[in-house]
Amino acid sequence: MKTILVPIDISEEKAGTAALRLGRDMAKMYGGKLVLLNVVEQVPGYVVAQLPEDFRSGALADARARLRAMAQEHGLDETADVVVREGHAPTEILAFAEDIEADMIVVASHA
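With our numbering as the guide, the letters of the sequence shown map in order to residues 1 to 111.
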């Protein structure tokens, strides 16, 4: 197993942590690469006009920082890739899994 994808909803910390731990353990067990992914939902166009210009970039940067912090807390800051994408989460997760040719996707359930 070469690539293990762990999509993490950073608003669900308990479930995200459980998925991250399982993904980490699977990567160690199989000698695979761990990729952590967060998908920031797109803001509808009619709302974008009412938000500050830097809202989108700020949301993406915040998600990236929080995901990196989770990786660091679990000793993965040097070994796991951290990726943030924007869009509809299920669609983006599957598209990204195809892009990186993920062998496994570890998904958390709600805690």
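Think of the CB as a built atom: it goes at the ideal place given N, C-alpha and C, for glycine as much as any other residue.
Nearest neighbour of residue i, chosen from the options [CA to CA]
i, options, result
"GLU101", "GLY32, ASP77 and LEU20", "GLY32"
"LEU37", "ASP25, LEU76 and PRO7", "PRO7"
"VAL84", "VAL106, GLU78 and LEU60", "LEU60"
"LEU76", "SER109, GLY16 and LEU34", "LEU34"
Beta-ladder partner(s) of residue i, from DSSP
i, result
"THR3", "LYS33"
"MET26", "MET26 pairs with nothing; no bridge assigned."
"ASP81", "VAL35"
Neighbour-count burial assignment, residue i, 16 or more Cβ in a 10 Å radius
i, result
"GLY23", "buried"
"GLU98", "exposed"
"GLU92", "buried"
"ALA19", "buried"
"PHE96", "buried"
"MET1", "exposed"
"ALA69", "exposed"
"ALA71", "buried"
Cα-Cα separation, residue i to residue j
i, j, result
"GLU41", "SER57", "13 Å"
"VAL82", "VAL39", "11 Å"
"LYS14", "ALA108", "9 Å"
"ILE4", "ASP62", "23 Å"
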